[in-house]
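Below is one structure, written out as structure tokens; the observations come after it.
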Amino acid sequence: MTRATLVAALVTYAVAAEPRLAHGQAWPAPAGAGSVTVATQVIDNTGHRLSDGSVFLSPVTGTPDGRSRNVSALVELDYAITDRLAISVGLPYVFSRYIGPGAPPFIERAVDACRCWNSAWQDINASVRYTLTDGPVALTTSVATGLPSHDYEWQGEAVAGFGLRELRLAVDGGVRLEALSPRLAVLGRYQYAIVERVLDVSHNRSNVSGSLSVAISERFSVRGGVDWQRTHGGLRFGSIQGNLIVPGEFTTDALFDQHDRLLRDNNVRVGGGLSYSLPRVDLFMSYMQFVAGTDTHAGHALTFGMSVPFQRH
964 MTRATLVAAL VTYAVAAEPR LAHGQAWPAP AGAGSVTVAT QVIDNTGHRL
1014 SDGSVFLSPV TGTPDGRSRN VSALVELDYA ITDRLAISVG LPYVFSRYIG
1064 PGAPPFIERA VDACRCWNSA WQDINASVRY TLTDGPVALT TSVATGLPSH
1114 DYEWQGEAVA GFGLRELRLA VDGGVRLEAL SPRLAVLGRY QYAIVERVLD
1164 VSHNRSNVSG SLSVAISERF SVRGGVDWQR THGGLRFGSI QGNLIVPGEF
1214 TTDALFDQHD RLLRDNNVRV GGGLSYSLPR VDLFMSYMQF VAGTDTHAGH
1264 ALTFGMSVPF QRH
């Protein structure tokens, strides 16, 4: 398992506005090792999936509507305090734009009506990782927080985020498949996010992901896998047909105003990534594609960037 692969996996997780093929570092870096990472992610939200998984169609054109785009830029610092204990901190700046082509599916806000780019600093993300076991099998636990950097706009499609505090508890595991090939490794992660309640509605979530990593050479690695999200609680928006009709469980004006935050967002996404190590910098890229889900956005995400490692003696 190369360092570049681990850097790419970590940054893919950190920069995403939504959970993606996310792995922290199962194998620890040596004490004093760190990195400064600059990454960009482009998320194309191609439409909305309703509570029965169906695509929201424009009542005017009969085609999928409600498209938007997010472009995030992240700077992150990661540092290993000891051979087992490491910390990281990062802050993304997010550009968002509602594309349409029609009006937003459920309610039109000022940030969407102009069809222009809106931008803001998003959430400060900080984490502490501790490695329990190292070697062919590695297990690392982590605690992370997401804190809004300021009171930014969160209602609408073209916004930076949800503006909510989160506490994320995770376990990362890795197994080197040395019996098959020293170039192969399986990575897995479980994360439970405790999200700030809104109108006393719980909407914590679990993310489970797994991937296979292949070291093509000492410098070049590729990986592919799947990410599954389940929201514990939240509210369903309903569907066009069936027993639960739009607006579903958003039965009051107060709940409807909070629907962006409170959706029971369940989804499955697949994707892959690659990384290449140069003498003084690691380059990485990854792609994620929505394959199924309810009360969520469909779409895809492209992440790319570079990480500059350093070592304090």
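If you're matching positions, the sequence shown starts at 964 in our numbering and goes up one per residue. All C-beta atoms in this analysis are idealised placements derived from N, C-alpha and C, irrespective of residue type, glycine included. Every value quoted in this text rests on a predicted model; they were computed, and no experiment measured them.
To the nearest angstrom, how far is it from the Cα of residue i to the Cα of residue j?
i     : j     : result
V1018 : Y1115 : 29 Å
P1272 : G1151 : 24 Å
G1236 : R1243 : 20 Å
W1080 : A1002 : 20 Å
G1109 : R1131 : 8 Å
A1089 : H1222 : 27 Å
A1066 : V1233 : 29 Å
R1182 : V1074 : 44 Å
G1063 : G1211 : 23 Å
F1247 : A1142 : 28 Å
V1122 : T1257 : 21 Å
G1188 : G1124 : 25 Å
L984  : L1147 : Only weak support exists for where L984 lies, its pLDDT of 36 falling under 50; the value from the coordinates is given anyway. Rounded to the nearest angstrom, the two C-alpha atoms are 18 Å apart.
I1044 : L1095 : 15 Å
S1270 : D1220 : 40 Å
P993  : R1227 : 40 Å
S1021 : R1078 : 17 Å
Q988  : S1105 : 10 Å
T1000 : E1039 : 5 Å
A1133 : R1092 : 9 Å
G1016 : D1245 : 39 Å
D1007 : S1240 : 28 Å
I1070 : A1076 : 10 Å
T1259 : N1229 : 7 Å
S1249 : A1107 : 22 Å
S1082 : G1126 : 14 Å
R1128 : V1052 : 15 Å
W990  : G1136 : 8 Å
F1253 : Q1192 : 11 Å
G1268 : V1209 : 40 Å
T1103 : T1215 : 43 Å
Whose CA, out of the options, lies closest to the CA of residue i?
i     : options                    : result
V1231 : S1169, F1273, A1083        : S1169
P1068 : T1094, V1023, I1044, D1097 : V1023
F1058 : D1097, A1076, N1033        : N1033
D1046 : D1228, V1091, S1180, G995  : G995
G1025 : G1268, S1249, I1203        : I1203
P1145 : G1098, T1259, V1254        : G1098
R1012 : R1072, A1255, L1140        : A1255
Over what stretch of residues does the beta strand (DSSP E) that includes residue i continue unbroken?
i     : result
R1232 : 1229-1240
A1076 : Here A1076 belongs to no beta strand (DSSP E); instead the alpha helix (DSSP H) covers 1073-1076.
F1273 : 1259-1274
V1052 : 1048-1063
Y1042 : 1030-1043
Q988  : Premise fails: Q988 is in no beta strand (DSSP E) and is neither H nor E.
Q1004 : 996-1012
By Cβ distance below 8 Å, which residues in the same chain neighbour residue i in space, the five residues on each side in sequence not counted?
i     : result
N1167 : Y1155, A1156, I1157, V1158, T1194, H1195, G1196
L1225 : V1161, L1162, V1164, H1166, G1197, L1198, F1213, L1218
L1140 : L1147, A1148, V1149
Return the first residue and the last residue of the alpha helix (DSSP H) that residue i is part of.
i     : result
L1218 : 1216-1220
Ignore the nearest five residues each way along the sequence and tell me which others in residue i's own chain have a CB closer than 7 Å to its CB.
i     : result
T1009 : P1027, R1030, A1261, G1262
Y1042 : G997, A1049, I1050
S1112 : L1054, W1084, Q1085, D1086, I1087
L1207 : S1014, R1199, G1201
I1179 : V1185
G1205 : D1015
Q1274 : G995, A996
H1276 : G995
Sorted by chain position, which residues of the same chain lie with C-beta nearer than 6 Å to residue i's C-beta, five sequence neighbours on each side aside?
i     : result
V1138 : V1100, V1149
T968  : The predicted position of T968 is uncertain, since its pLDDT is 39 and thus under 50; a value taken from the coordinates is nonetheless stated next. If we look at T968 and ignore the five residues flanking it on each side, its Cβ neighbours are S1176, S1184, S1238.
V1005 : V1034, L1265
R1060 : R1032, W1080, A1121
Y1056 : A1036, W1084
R1072 : Q1118, G1119
Y1153 : V1134, V1171
Would you check whether the ligand PLP has a heavy atom nearer than 8 Å to the C-beta of residue i?
i     : result
F1273 : The ligand PLP is not among the ligands present in this structure, which contains no ligands whatsoever.
Entirely within the stretch 1134-1211 and at least 4 residues each: give me those alpha helix (DSSP H) ranges in chain order.
When DSSP assignments are scanned along the stretch 1134-1211, no uninterrupted stretch of alpha helix (DSSP H) that is 4 or more residues long falls wholly within it.
Threshold first: 3 residues or longer. Then list the beta strand (DSSP E) segments lying entirely within the stretch 1085-1111, N to C.
Runs of the beta strand (DSSP E) inside the stretch 1085-1111: 1086-1096, 1100-1111.
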